[in-house]
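In order, the protein sequences belong to chains F and G. Those letters in the first sequence? Residues 1 to 329, per this note's numbering, in order. Those letters in the second sequence? Residues 330 to 654, per this note's numbering, in order. The C-beta atom is built at its ideal place from N, Cα and C for all residues, glycine as well. Report on the following structure.
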Amino acid sequence: MKKIPLILDCDPGLDDAIALLFALASPEEIDLLGVTTVVGNGPVQQTQENARRICELAARPDIKVFQGCPRTLFAKLSSSTYSATDIHGETGLGDCKLPPPSMPLQPQHAVSFIIETLLNASEKITLAPSGSLTNIACALIMEPRIKEKIDKIVLMGGVIGLGNITPTAEYNFYCDPQATYVVFMSGVPIVMIGLDVTRQTQTSEEWLHTIEAMGTPVSQAIIDMLSYYHRPDAILEPGVTGGVLHDPNVIAYLLKPALYKGRHAYVEIDISSTIMAGRSTVDWHKKLSFQPNGYVINEVDTAGFFDLLTERLKRYTHVMKKDPTCSHS
Amino acid sequence: MSKPLPLILDCDPGIDDFIAILMILAAPERFNLLGITVTGGNVSLNYTAQNALKACELVGRPDIKVYAGCPEPILRELQIEDEVYGETGLKGVDLPKPTMALQRSHAVDFLIDTLMTSPQKVTLATTAPLTNVAIALVREPRILDHIEEIVTMGGSMTLGNITPAAEYNFYADPEAAHILYTCGKKITTVGLDVTHQIVTSLEWFSRLDALDNPVAHTLATMLRAFYEYDMKKFGLAGGALHDPCVIGYLLNPALFNGKDVHIEIDTSFGIGRGRSIIDWWHKRGLPANSHVFSEVNVEGFFDLLTDLLARYGNRQHILTNEENT
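Structure representation (structure tokens):
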């Protein structure tokens with residue numbers, strides 16, 4: 001099978017961290033060109049450090065990690081106003097205490113890396129953002145010609161139904177509505193994996209036991225991260241009983257799209273300053289006459305998702321700490 | 330005499346930006362021009378970049394570094410102003426195709442790299458939609474620590490010129506203007522309230538003709554082609570020289586009068602989109618984020634501009650001039 005050339009744009013963050021482990025465990029399908037980081041679940045200094053921690057945990061210090069924008073376009077998030085520590089813990093990785101990374105941070109800015117990689121690409125590249133879309137939007141604004149080199153953007157964000165940070169909006173989109181608007185109006189094919197889907201992939205005690213039973217450094221790290229969701233004072237949405245694995249859905253979709261169902265629809269991002277700020281209005285029933293600009297996912301095969309994720313995480317059993325080439329069947 | 334001011338000009342030439350470049354390059358004892366960054370604006374990026382190069386070549390400065398930046402505003406398609414400036418942005422003249430080349434770096438990368446590594450603080454003059462500056466601020470907010478002053482042509486306290494409410498540069502990219510005015514640094518704002526006082530006249534064109542140098546002649550030809558638009562459209566006595574006011578201020582701040590106030594940019598999609606809401610009477614009690622000019626010494630400005638252009642009659646004079654400090 002031909003590998004998917006991929007840039008992962010993230011803000012680890014517990015579920016981003018699991019998404020990254022998921023991607024790194026799937027080298028037959030994914031050619032990870034670089035990991036770009038953005039402010040979001042923590043300040044960008046922290047999210048890039050966490051990305052490197054996770055790469056080292058997966059014994060992949062060869063992965064290129066780039067630091068991106070330290071603030072969103074309208075500075076709803078900046079180095080002084082990030083706000084997700086209640087969800088992701090002080091370090092952004094829950095109770096997981098990984099050592100400070102020793103692998104290097106790439107000197108180039110994430111936005112410059114995205115532009116340069118796309119402009120020089122001989123084949124189209126997939127972008128997988130799981131945080132605020134600030135880096136991607138800046139790249140599109142600086143160099144619109146990159147659009148021709150993007151195969152598609154498979155993103156975690158938005159919602160058809162209820163929001164999670166406001167009654168109307170999902171967190172990633174809410175933090176940078178303007179950037180999200182730029183991405184959705186760009187004309188680039190978009191696969192939107194929103195809360196409607198990710199709420200269908202909540203961790204259960206049973207699944208956590210399966211992970212724990214693996215008994216590897218990676219499985220232990222995941223347990224330490226996810227137990228943060230399961231702590232007694234955890235702030236969970238109504239109707240949610242475990243950790244919602246938002247971002248790993250992006251990787252699962254790339255690996256096995258058949259797990260997901262959705263439809264092409266017109267999506268518009270609300271960039272007003274009203275209660276609707278950051279909402280993704282999805283024209284699911286085609287009430288408007290606009291051309292669809294996204295493939296909006298609304299269903300996932302939950303058992304299939306967890307089977308795939310578990311299978312990939314099991315791969316870390318075998319000395320992946322020592323073998324960066326990851327040659328396994 | 331003080332050292333030349335390290336300066337970056339972010340512009341979208343456009344005739345009045347073109348004049349701003351000529352002003353800067355006429356005063357090398359005052360300005361150390363680190364680079365010119367261009368954005369799409371008055372006309373498309375392709376033309377604004379070419380026009381910046383043409384300005385440099387017209388005055389024999391092919392050594393100036395010119396960087397192309399963002400072709401479009403943050404959210405919406407660029408609304409060019411070719412009705413005013415002609416398709417190429419330099420209506421009325423046909424300057425030779427430039428032989429000097431654009432720099433390879435993107436304007437935003439140049440802004441960030443230059444500011445972050447500059448040993449001294451740099452002044453940033455902007456005469457265009459603020460897309461380049463806004464993206465630089467989002468990517469690397471620490472550039473603010475390396476900026477001496479940001480002087481921006483844009484906004485209006487009274488009427489707009491592209492809509493009833495909004496001035497063109499802010500209207501073309503209101504989100505970028507919002508990013509600038511919320512960045513935490515006090516912005517020096519040169520809006521229509523002053524630039525509409527700086528209008529060309531047949532009498533001043535005669536002064537340019539009398540200078541008897543090719544640069545002044547080229548300029549007079551350009552401005553003659555352009556000035557009637559403002560007279561018909563806005564009832565001005567001539568063509569407004571918006572962007573040159575920014576350079577005029579940097580050369581002689583005493584020509585301008587204003588006060589510290591709060592500005593908010595309307596980023597809604599209503600009739601006010603792109604308007605600079607200037608709280609001149611401090612009704613809102615918000616901390617000032619700008620120094621906004623309301624008055625300009627018109628005669629003093631034109632004397633300054635004419636003197637600068639006169640220098641092009643004697644190239645040697647430009648390189649050695651020590652007056653005007």
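Practice item. Quick one: give me the first and last residue of the beta strand (DSSP E) that G:G629 is part of. Key: Here the question's residue 629 of chain G lines up with position 300 in the second sequence. It is not in any beta strand (DSSP E) - G:G629 instead sits in the alpha helix (DSSP H) that spans 627 to 639.
Check your understanding: What are the start and end residues of the beta strand (DSSP E) that includes F:Y260?
Key -> For the purposes of this step, residue 260 of chain F is taken as residue 260 along the first sequence, with counting starting at 1. 260 to 265 is the extent of the beta strand (DSSP E) around F:Y260.
**Study point:** For F:S122 and F:D31, the rounded distance between their alpha carbons
**Key:** Position 31 of the first sequence, counted from the first residue, corresponds to residue 31 of chain F. Position 122 of the first sequence, counted from the first residue, corresponds to residue 122 of chain F. Straight through space, the alpha carbons of F:S122 and F:D31 are spaced by roughly 14 Å.
Check your understanding: If you check the beta carbons only, do F:C138 and F:C69 fall under 8 Å apart?
Key -> Residue numbering aside, residue 138 of chain F sits at position 138 when the first sequence is read from its first letter. Residue numbering aside, residue 69 of chain F sits at position 69 when the first sequence is read from its first letter. For F:C138 and F:C69, yes; Cβs fall inside 8 Å.
Review point. Under 8 Å between C-beta atoms, does G:P307 make it to chain F?
Key: Since the first residue shown for chain G is 330 and the last is 654, residue 307 of chain G is missing from the structure and cannot be characterised.
Exercise for review: Report buried or exposed for G:D392, applying the criterion of at least 16 other Cβ atoms within 10 angstroms of its Cβ.
Suggested key: Numbered from its first residue, the second sequence carries residue 392 of chain G at position 63. So G:D392 ends up on the exposed side.
Check your understanding: According to DSSP, is F:K152 helix, strand or coil?
Key -> By one-based count along the first sequence, residue 152 of chain F stands at place 152. Of the three classes helix, strand and coil, the one that applies to F:K152 here is strand, per DSSP.
Exercise for review: Output the residue ranges of the beta strand (DSSP E) runs that lie fully inside the stretch 561 to 600 of chain G and measure 3 residues or longer, sorted by chain position.
Suggested key: 585 to 590, 592 to 594
Review point. For F:D15, which residues from the same chain have a beta carbon less than 6 Å from its beta carbon, with the 5 sequence-adjacent residues on both sides left out?
Key: Here the question's residue 15 of chain F lines up with position 15 in the first sequence. Taken in chain order, the residues that qualify are L245, H246, D247.
Review point. Can you find a CB in chain F that lies within less than 8 Å of the CB of G:D572?
Key: Working through the second sequence from its first residue, we reach residue 572 of chain G at position 243. By this cut-off, G:D572 is not an interface position.
Practice item. State yes or no: is the C-beta of G:L404 within less than 8 Å of the C-beta of F:Y181? Key: Within the second sequence, numbered from 1, the residue matching residue 404 of chain G stands at position 75. Within the first sequence, numbered from 1, the residue matching residue 181 of chain F stands at position 181. Cβ atoms of G:L404 and F:Y181: closer than 8 Å.
Point to revise | Alpha-carbon to alpha-carbon, F:G34 and F:I146 | key: Against the first sequence, residue 146 of chain F aligns to sequence position 146. Against the first sequence, residue 34 of chain F aligns to sequence position 34. If I take the Cα positions, the gap works out to 16 Å.
Point to revise | Where G:L362 meets chain F, residues with beta-carbon distance less than 9 Å | key: Here residue 362 of chain G corresponds to residue number 33 of the second sequence, with the count starting at 1. Residues of chain F passing the Cβ test: none, with the nearest at roughly 23 Å.
Check your understanding: Name the chain G residues that come within less than 7 Å of F:V111, Cβ to Cβ?
Key -> Residue 111 of chain F sits at position 111 when you count from the first residue of the first sequence. R468, listed in chain order.
Review point. Would you say F:I251 and F:D196 are within 8 Å of each other, going by their C-beta atoms?
Key: Along the first sequence, read from residue 1 onward, the residue named residue 251 of chain F stands at position 251. Along the first sequence, read from residue 1 onward, the residue named residue 196 of chain F stands at position 196. No.
**Study point:** Span of the beta strand (DSSP E), counted from its first residue to its last, around G:D339
**Key:** The residue labelled residue 339 of chain G in the question sits at position 10 within the second sequence. First-last of the beta strand (DSSP E) with G:D339: 334 to 340.
Check your understanding: Helix, strand or coil for F:Y295 per DSSP?
Key -> As a working mapping, residue 295 of chain F is identified with position 295 in the first sequence. Residue state, collapsed to three classes: strand.
**Study point:** Touch test, the stretch 496 to 512 of chain G against the stretch 404 to 415 of chain G, Cβ-Cβ under 8 Å, three pairs minimum
**Key:** The stretch 496 to 512 of chain G makes contact with the stretch 404 to 415 of chain G, as at least three CB pairs between them are under 8 Å.
Exercise for review: Leaving aside the five residues before and after G:A378 along the sequence, list all residues of the same chain whose C-beta is less than 7 Å from its C-beta, in chain order.
Suggested key: Numbered from its first residue, the second sequence carries residue 378 of chain G at position 49. Within the same chain, G:A378 has close Cβ partners V367, V395, A397, L431.
Review point. Taking Cβ positions, are G:S530 and G:A566 nearer each other than 8 Å?
Key: Along the second sequence, read from residue 1 onward, the residue named residue 530 of chain G stands at position 201. Along the second sequence, read from residue 1 onward, the residue named residue 566 of chain G stands at position 237. Yes, these two residues count as a Cβ contact at 8 Å.
**Study point:** Within chain F, partners of G:H435 - CB distance below 9 Å
**Key:** The residue labelled residue 435 of chain G in the question sits at position 106 within the second sequence. Neighbours of G:H435 on chain F, chain order: S112, I115, M142, E143.
Point to revise | Of the residues F:T91, F:V154, F:L24, F:Q48, the one placed nearest F:A110, counting alpha carbons only | key: One-based indexing of the first sequence puts residue 110 of chain F at position 110. Closest option to F:A110, Cα to Cα, is F:Q48.
Point to revise | Cβ neighbours of F:T302 in the same chain (closer than 7 Å, five flanking residues each side left out) | key: On the first sequence, position 302 is the one that residue 302 of chain F refers to. The beta carbon of F:T302 sits closer than 7 Å to the beta carbons of Q200, T201 from its chain, once the five residues preceding and following it are set aside; these are given in chain order.
Check your understanding: So is F:C138 in contact with chain G if we call contact Cβ pairs under 8 Å?
Key -> Locating residue 138 of chain F in the first sequence gives position 138, where the first residue counts as 1. Closer than 8 Å to some Cβ of chain G, the Cβ of F:C138 qualifies, so yes.
Exercise for review: Closer than 9 Å, Cβ to Cβ, to anything on chain G: give me those residues from the stretch 255 to 287 of chain F, in chain order.
Suggested key: Going along the stretch 255 to 287 of chain F in chain order, one finds I271, S272, S273 with a Cβ nearer than 9 Å to chain G.
Practice item. Check the Cβ-Cβ distances between F:P70 and every residue of chain G, and say whether any is below 8 Å. Key: Counting from 1 along the first sequence, the entry for residue 70 of chain F is found at position 70. Chain G contact via Cβ: present.
Practice item. State the Cα-Cα distance for the pair F:G157 and G:I607, rounded to the nearest angstrom. Key: Counting from 1 along the first sequence, the entry for residue 157 of chain F is found at position 157. Counting from 1 along the second sequence, the entry for residue 607 of chain G is found at position 278. Spanning the two alpha carbons is a distance of roughly 36 Å.
Exercise for review: Enumerate in chain order the residues of its own chain whose CB-to-CB distance from F:C96 is below 7 Å, with the five nearest sequence positions on each side excluded.
Suggested key: For this step, residue 96 of chain F is matched to residue 96 along the first sequence. Contacts found: A221, D224, M225.
**Study point:** Euclidean distance between Cα positions of G:A465 and G:V372
**Key:** In the second sequence, counting from the first residue as 1, residue 465 of chain G sits at position 136. In the second sequence, counting from the first residue as 1, residue 372 of chain G sits at position 43. In a straight line, the C-alpha of G:A465 is about 22 Å away from that of G:V372.
Point to revise | Status (buried if at least 16 other CB within 10 Å, exposed otherwise) for F:K3 | key: Along the first sequence, read from residue 1 onward, the residue named residue 3 of chain F stands at position 3. F:K3 is exposed by the Cβ-count criterion.
Check your understanding: If you measure beta-carbon to beta-carbon, which residues of the stretch 175 to 208 of chain F are closer than 7 Å to chain G?
Key -> Q178, Y181, V182
Practice item. Determine the contact status of G:T452 and G:L634, defining contact as a CB-CB distance below 8 Å. Key: The residue you call residue 452 of chain G lines up with position 123 of the second sequence. The residue you call residue 634 of chain G lines up with position 305 of the second sequence. Not closer than 8 Å, so no.
Exercise for review: Identify, in the order they occur along the chain, each residue of the same chain with its Cβ nearer than 6 Å to the Cβ of F:H264, setting aside the five sequence neighbours on each side.
Suggested key: By one-based count along the first sequence, residue 264 of chain F stands at place 264. P292, Y295, listed in sequence order.
Practice item. Determine the direct distance from the alpha carbon of F:Y316 to that of F:N164, and round the result to whole angstroms. Key: Taking the first sequence and counting its residues from 1, one reaches residue 164 of chain F at position 164. Taking the first sequence and counting its residues from 1, one reaches residue 316 of chain F at position 316. In a straight line, the C-alpha of F:N164 is about 32 Å away from that of F:Y316.
Practice item. Identify the contact partners of F:F74 in chain G, using a Cβ-Cβ distance below 8 Å as the criterion. Key: Within the first sequence, numbered from 1, the residue matching residue 74 of chain F stands at position 74. Near F:F74 (Cβ distances below 8 Å), the residues of chain G are E504, H507, I508, T511.
Practice item. Please check the pair G:L351 and G:L638, which I expect to be a contact at CB under 8 Å, by giving their CB distance rounded to whole angstroms. Key: Here residue 351 of chain G refers to the residue found at position 22 when the second sequence is read from its first residue. Here residue 638 of chain G refers to the residue found at position 309 when the second sequence is read from its first residue. Confirmed, Cβ separation roughly 7 Å.
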